[in-house]
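Engineer:
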RNA sequence: GCGCCCUUAGCUCAGUUGGAUAGAGCGUUGGAUUCCGAUUCCAAAGGUCAGAGGUUCGAAUCCUCUAGGGCGCGCCA
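Residue numbers (the working numbering): 1 to 587.
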């Protein structure tokens, strides 16, 4: 409907330009919007106000000329000029009723569009270090990223979802060393566990299984391990130096092969846990991309060579620096350390180069807000490699603060005292978690009320929406019990023009807004628009249900109403599915 | 200190990308229902859009400054 009006207006403007009534070189973007006030019709356009300025004419005069040039449409009953020069459109009743048939014909496809034209988009999200289970902070990124990706699919994009696995680097070495030390404790060795090691229970589990498989194969004497290692923090030393020395000792005592075995035991087990966790959260990926593969494939080397060849690298104090400050970053960044190892940033450059080489028209990275400082350097690297940095969009997701019983739930990663995503799902369920996470704009700090999320009451929007769906199912369930026939023929022959009540008109308007909601939510990467829409749609259904009986009316009205709520059920189902939620038949 | 983000009703948040009289939910107050599921519905009260300037036909939305809050400023990942 919206695009129909846009086409009408575009036609009128073209006519006026050809006539010379309006300058031919006038540029404008047609913006048709839904009205807030019913007195202003169904759709409004402020184009005359925009053009009046550019053409130096009176807005109302321009509006009148546009309206005069509009071609006639059976879907529009009235066009009005109002206020300073708004053009208001009033929809014909049959145009509104058409939405019901559109929905029933399209079924699960209702709301999908082709605006994306099959453009290839990559969405990378979560990408948490596999050093421990996902926590509730990752959960928001997961729910948000999945919803954005699914919305883009619905809008006709070809989406590639990807998880970047940080399976290399110091944090992973710390994990491997932590696993090994716990293993040694189980072998009977006695020592003080490093302050900077990973202390979570899952590390114990991994080391236990490691020992079950390999017995004492990796056992070394504590004395030998800690000989000459600088003191840990509690002993008055530096915890970073302490752990780094332990990592080196671990590698040296185990040898490359056995070290890799211990390392992979930690990596694989945690990664398997993360995969399973996300799967149960309804989040699926096309690809799990290994950071390590960037080194083995030579991508890192190649990226650095390209930068070096184009003069964007320089050597200083034994290290190689990328001149990112030449591309808007606040300072230059090291890519190869003086010990010859490349930095995490070097991998990141290679990874983003690889994304560009894969030919996506658009690359979306979803990061935690604490990483915002990395955006300029990544964009700088893309520019230095000769790519358009605007192909990359980095979306930042703010943290979520949990509340239970009105109190903030305290969390800190270092002590291992964080609420995991798995625990959250266990407490409030998948549906509530998915919904609550995406109900706020991503750049907005979020208060996550656990009590509300798990309450079975109308305060809880998840229940409210799902109940609307279940309620329709319940009504349709009554048909058989009451011996009322309502089959495909009844649907096809339904007298939809019997839908005249204000609640019915409201509901029809809500239903017709769904495709627009999907499109704008997708194009702006704002799934919260869909979440809010679903709440409004559910409210319209509940209000209708309460105001009118469906099953006790005369057959024509009854059938029309049943068709309307069947369509509503379909849209509720489609919207809930897009957010990864169930649409229950009964609750 | 520098940079990025946030600030809208008592609370949690929307606000169709610059449009018409700023909206929901919760909470508060008052009301409805012999019923297809009371996990429902209707109504009222509640606002200096953090503050001050500016841009223009028109600003919660764009620009500048100020205040408050969050985050980031490693040859860590």
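Ideal Cβ positions, reconstructed from N, Cα and C, are used throughout, including at glycine.
Is residue 372 helix, strand or coil by DSSP?
Structural biologist: Here residue 372 corresponds to residue number 372 of the first chain, with the count starting at 1. In the structure shown, residue 372 sits in a helix (DSSP, three-state: H, G or I).
Engineer: Roughly how far, in whole angstroms, is the beta-carbon of residue 85 from the beta-carbon of residue 60, given that I think they are within contact range, below 8 Å?
Structural biologist: Start at 1 with the first residue of the first chain, and residue 85 comes out as number 85. Start at 1 with the first residue of the first chain, and residue 60 comes out as number 60. Indeed, because the Cβ distance is near 5 Å, the residues count as touching under 8 Å.
Engineer: Following the continuous alpha helix (DSSP H) through residue 238, name the residue where it begins and the one where it ends.
Structural biologist: Working through the first chain from its first residue, we reach residue 238 at position 238. It is not in any alpha helix (DSSP H) - residue 238 carries neither H nor E in the DSSP assignment.
Engineer: Since residue 282 contacts residue 580 with CB under 8 Å, what's their CB separation in whole angstroms?
Structural biologist: The sequence position of residue 282 within the first chain is 282, counting from 1. The sequence position of residue 580 within the first chain is 580, counting from 1. Contact holds; Cβ gap of about 4 Å.
Engineer: Output the residue ranges of the beta strand (DSSP E) runs that lie fully inside the segment 84 to 155 and measure 3 residues or longer, sorted by chain position.
Structural biologist: Counting whole runs of 3 or more residues, the segment 84 to 155 contains the beta strand (DSSP E) stretches 86 to 91 and 120 to 124.
Engineer: What separation, rounded to the nearest whole angstrom, lies between the Cα atoms of residue 73 and residue 80?
Structural biologist: Numbered from 1 along the first chain, position 73 holds the residue referred to as residue 73. Numbered from 1 along the first chain, position 80 holds the residue referred to as residue 80. Between residue 73 and residue 80, the C-alpha separation is close to 14 Å.
Engineer: Alpha carbon to alpha carbon, how far is residue 50 from residue 69? Give it in angstroms, no decimals.
Structural biologist: One-based indexing of the first chain puts residue 69 at position 69. One-based indexing of the first chain puts residue 50 at position 50. Straight-line Cα distance between these residues: approximately 17 Å.
Engineer: Within 10 Å of its beta-carbon, does residue 493 have 16 or more other beta-carbons around it, so buried, or fewer, so exposed?
Structural biologist: Reading the first chain from its first residue, position 493 is the one you call residue 493. Exposed: under 16 other Cβ atoms inside 10 Å.
Engineer: Where does residue 379 land, buried or exposed, given buried means 16+ other C-beta within 10 angstroms?
Structural biologist: Within the first chain, numbered from 1, the residue matching residue 379 stands at position 379. With 16 or more Cβ atoms within 10 Å of its Cβ, residue 379 is classed as buried.
Engineer: Excluding five sequence neighbours on each side, which residues of the same chain lie with their C-beta closer than 7 Å to the C-beta of residue 547?
Structural biologist: The count along the first chain starts at 1 and reaches residue 547 at position 547. Around residue 547: 503.
Engineer: Per DSSP, residue 308 forms a beta bridge with which residues?
Structural biologist: Position 308 of the first chain holds residue 308. DSSP, once it has assigned bridges, lists no residue as partnering residue 308.
Engineer: With a CB to CB cut of under 7 Å and the five nearest residues on each side skipped, what residues in its chain are close to residue 456?
Structural biologist: Start at 1 with the first residue of the first chain, and residue 456 comes out as number 456. Hits under 7 Å: 463.
Engineer: Any heavy atom of the ligand FMN inside 7 Å of the beta-carbon of residue 31?
Structural biologist: Among the components modelled here there is no ligand, and therefore nothing to report on the ligand FMN.
Engineer: Taking the CB atoms as reference points, tell me whether residue 437 and residue 140 lie closer together than 8 Å.
Structural biologist: In the first chain, the residue the question calls residue 437 occupies position 437. In the first chain, the residue the question calls residue 140 occupies position 140. Against a cut-off of 8 Å, the Cβ pair of residue 140 and residue 437 comes out as a contact.
Engineer: Hey, residue 408 and residue 122: beta-carbon distance below 8 Å or not?
Structural biologist: In the first chain, residue 408 corresponds to position 408, counting from 1. In the first chain, residue 122 corresponds to position 122, counting from 1. Their beta carbons are not under 8 Å apart, which means residue 408 does not touch residue 122 by this criterion.
Engineer: Where do the N-terminal and C-terminal ends of the beta strand (DSSP E) with residue 45 fall, by residue?
Structural biologist: Stepping through the first chain from its first residue, residue 45 is reached at position 45. 43 to 45 is the extent of the beta strand (DSSP E) around residue 45.
Engineer: If you reduce the DSSP assignment to three classes, tell me which class residue 362 lands in.
Structural biologist: Your numbering for residue 362 matches position 362 in the first chain. Looking at residue 362 - three-state DSSP - the assignment turns out to be strand.
Engineer: Going along the chain, which residues of its own chain have a beta-carbon closer than 6 Å to the beta-carbon of residue 92, five neighbours each way excluded?
Structural biologist: By one-based count along the first chain, residue 92 stands at place 92. For residue 92, where only same-chain residues beyond five positions count, the Cβ hits under 6 Å are 75 and 77.
Engineer: For the candidate residues 170, 31, 308 and 220, whose alpha-carbon lies nearest to that of residue 291?
Structural biologist: Here the question's residue 291 lines up with position 291 in the first chain. The residue with the shortest Cα to Cα distance from residue 291 is 170.
Engineer: Please list, in chain order, all residues of the same chain as residue 198 whose beta carbon is under 7 Å from its beta carbon, the five residues on each side excluded.
Structural biologist: As a position in the first chain, residue 198 is number 198, starting the count at 1. Excluding sequence neighbours, residue 198 sits near 131, 132, 174, 175 and 178.
Engineer: Buried or exposed: which applies to residue 357, given that a residue is buried once 16 or more other Cβ atoms fall within 10 Å of its Cβ?
Structural biologist: Against the first chain, residue 357 aligns to sequence position 357. Exposed: under 16 other Cβ atoms inside 10 Å.
Engineer: Which first and last residues belong to the beta strand (DSSP E) in which residue 316 is found?
Structural biologist: In the first chain, the residue the question calls residue 316 occupies position 316. Where residue 316 is concerned, the enclosing beta strand (DSSP E) stretches over 313 to 316.
Engineer: Output the residue ranges of the alpha helix (DSSP H) runs that lie fully inside the segment 257 to 341 and measure 4 residues or longer, sorted by chain position.
Structural biologist: If we require 4 residues or more, the alpha helix (DSSP H) runs fully inside the segment 257 to 341 come out as 291 to 296 and 299 to 309.
Engineer: Using the C-alpha atoms, what's the distance from residue 460 back to residue 444?
Structural biologist: Here residue 444 refers to the residue found at position 444 of the first chain. Here residue 460 refers to the residue found at position 460 of the first chain. Between residue 444 and residue 460, the C-alpha separation is close to 20 Å.
Engineer: What do you get for residue 305, buried or exposed, if any count of 16 or more other CB atoms within 10 angstroms of its CB means buried?
Structural biologist: On the first chain, position 305 is the one that residue 305 refers to. Its Cβ having fewer than 16 others within 10 Å, residue 305 is exposed.
Engineer: Would you decide whether residue 26 is buried or exposed? Buried here means 16 or more other CB atoms lie within 10 Å of its CB.
Structural biologist: Translated into positions along the first chain, residue 26 becomes position 26. The residue is exposed, with fewer than 16 neighbouring Cβ atoms inside 10 Å.
Engineer: To which residues does DSSP link residue 448 through a beta bridge?
Structural biologist: Here the question's residue 448 lines up with position 448 in the first chain. Partner(s): 402.
Engineer: Around the C-beta of residue 529, are 16 or more other C-beta atoms found within 10 angstroms, so that it is buried, or is it exposed?
Structural biologist: Sequence index remark: in the first chain, residue 529 carries index 529 (1-based). Result: buried.
Engineer: Count the other CB atoms, across all protein chains shown, that sit within 10 Å of the CB of residue 474; report buried if there are 16 or more and exposed otherwise.
Structural biologist: Locating residue 474 in the first chain gives position 474, where the first residue counts as 1. So residue 474 counts as exposed.
Engineer: Does the distance from the C-beta atom of residue 40 to that of residue 101 stay below 8 Å?
Structural biologist: In the first chain, the residue the question calls residue 40 occupies position 40. In the first chain, the residue the question calls residue 101 occupies position 101. No. Outside cutoff.
Engineer: Is residue 507 near residue 540, with beta carbons less than 8 Å apart?
Structural biologist: Taking the first residue of the first chain as 1, we reach residue 507 at position 507. Taking the first residue of the first chain as 1, we reach residue 540 at position 540. Yes, Cβ-Cβ distance for residue 507 and residue 540 is below 8 Å.
Engineer: Classify residue 360: buried if its beta carbon has 16 or more other beta carbons within 10 angstroms, exposed otherwise.
Structural biologist: Reading the first chain from its first residue, position 360 is the one you call residue 360. Its Cβ being crowded by 16 or more others within 10 Å, residue 360 is buried.
Engineer: Leaving aside the five residues before and after residue 108 along the sequence, list all residues of the same chain whose C-beta is less than 7 Å from its C-beta, in chain order.
Structural biologist: Working through the first chain from its first residue, we reach residue 108 at position 108. Closer than 7 Å at Cβ, skipping near neighbours: 574.
Engineer: Beta strand (DSSP E) containing residue 419: first to last residue?
Structural biologist: The residue labelled residue 419 in the question sits at position 419 within the first chain. Per DSSP, residue 419 belongs to no beta strand (DSSP E) and is neither H nor E.
Engineer: If you draw a straight line from the alpha carbon of residue 346 to that of residue 300, how long is it in whole angstroms?
Structural biologist: Along the first chain, read from residue 1 onward, the residue named residue 346 stands at position 346. Along the first chain, read from residue 1 onward, the residue named residue 300 stands at position 300. C-alpha separation (whole angstroms): 7 Å.
Engineer: Could you give the C-beta distance for residue 163 and residue 288, rounded to a whole number, given that I count them as a contact under 8 Å?
Structural biologist: What you label residue 163 is simply residue 163 of the first chain in a count that begins at 1. What you label residue 288 is simply residue 288 of the first chain in a count that begins at 1. So it is a contact: roughly 5 Å between Cβ atoms.
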